[in-house]
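J.: In my numbering, the protein residues as written are 49 to 127. Just so you know, even glycine gets a beta-carbon here, dropped at the ideal spot from N, CA and C. Can you read through this structure? Questions will come right after.
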């Protein structure tokens, strides 16, 4: 199954009582976010809700650059 946020393949996280599908790239966890709460939101509003790792994955995928370079840049801009 594909991640509804970033489109990458979801991995089954079996470390819980009930196994959930999870995306290790953007942090999406099955059942936490439905498509309806993202409907009507602009990209900027969605980006404001992302944490640092999710933002780095989102930007790196969109720009086609290394996620570690983007994360380093984001961390240096918060200091």
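In three-state terms, what does DSSP make of residue 57?
T.: In this structure, residue 57 counts as strand in the three-state DSSP scheme.
J.: Is the beta carbon of residue 93 closer than 7 Å to that of residue 133?
T.: Beyond the ends of the chain as shown, which are 49 and 127, falls residue 133; an answer cannot be given.
J.: In chain order, which continuous runs of the beta strand (DSSP E) of length 3 or greater are located wholly inside the region 91-117?
T.: Entirely contained in the region 91-117, not one beta strand (DSSP E) run reaches 3 residues.
J.: Is the Cβ-Cβ distance between residue 75 and residue 102 less than 7 Å?
T.: The answer is yes: Cβ separation under 7 Å.
J.: Suppose the cutoff is 7 Å on Cβ atoms and the five residues either side in sequence are ignored; what does the same chain contact list for residue 108 look like?
T.: Excluding sequence neighbours, residue 108 sits near 114, 115 and 118.
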